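Numbering (the working numbering), first residue to last: 1 to 106.
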């Protein structure tokens with residue numbers, strides 16, 4: 001997976017916690033990893049992209065090297081008005097995502 005970290009106010013972490021706790025109440029296990037706001041930019045054939053020993057080489061290594069040579073870009077600021085719940089269905093050739101619901105933010 002190739003992702004970029006984002007800066008977010010405390011409201012996003014609170015939202016993530018509320019979602020996690022609400023899902024837990026429905027019988028879905030809580031997330032094991034600490035919340036880390038990010039945007040997933042690409043996935044590569046189900047591999048983590050870490051190039052672990054005995055696994056496929058890091059398919060994003062060349063891109064990582066090129067980006068490391070650049071200054072940190074400023075993509076600006078956005079104020080989201082809603083978020084969406086998607087269902088992920090893994091398939092050969094990549095996952096299929098279906099929008100299940102939209103939730104307005106205040």
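Beta carbons: idealized from backbone N, C-alpha and C, even for Gly. Since the model is a prediction, treat every value here as computed from it, not as a measurement.
Within 8 Å, strictly: CB atoms of residue 83 and residue 105
Counting from one through the chain shown, the residue named residue 83 turns up at place 83. Counting from one through the chain shown, the residue named residue 105 turns up at place 105. Between residue 83 and residue 105, the C-beta spacing is below 8 Å.
Along the chain, where does the alpha helix (DSSP H) containing residue 64 start, and where does it finish?
What you label residue 64 is simply residue 64 of the chain shown in a count that begins at 1. Looking at the DSSP string, the run of the alpha helix (DSSP H) that includes residue 64 is 61–68.
Which same chain residues end up closer than 6 Å to residue 31 when comparing Cβ atoms and leaving out the 5 residues on each side of it in sequence?
Within the chain shown, residue 31 is the residue found at index 31, counting from 1. 20, listed in sequence order.
Beta-carbon spacing of residue 38, residue 9 below 8 Å:
Taking the first residue of the chain shown as 1, we reach residue 38 at position 38. Taking the first residue of the chain shown as 1, we reach residue 9 at position 9. No.
Following the continuous beta strand (DSSP E) through residue 102, name the residue where it begins and the one where it ends.
Position 102 of the chain shown, counted from the start, is the residue given in the question as residue 102. Here the beta strand (DSSP E) through residue 102 covers 96–104.
Per-residue burial, residue 60 [other beta carbons within 10 Å of its own, 16 or more giving buried]:
Start at 1 with the first residue of the chain shown, and residue 60 comes out as number 60. Residue 60 counts as buried, since at least 16 other C-beta atoms from the protein chains shown sit within 10 angstroms of its C-beta.
What three-state label does DSSP hand residue 24 in the structure shown?
Within the chain shown, the letter at position 24 stands for residue 24. It is helical.
Taking the alpha-carbon of residue 92 as reference, which of 44, 58 and 22 has the nearest alpha-carbon?
Locating residue 92 in the chain shown gives position 92, where the first residue counts as 1. The candidate whose alpha carbon is nearest that of residue 92 is 44.
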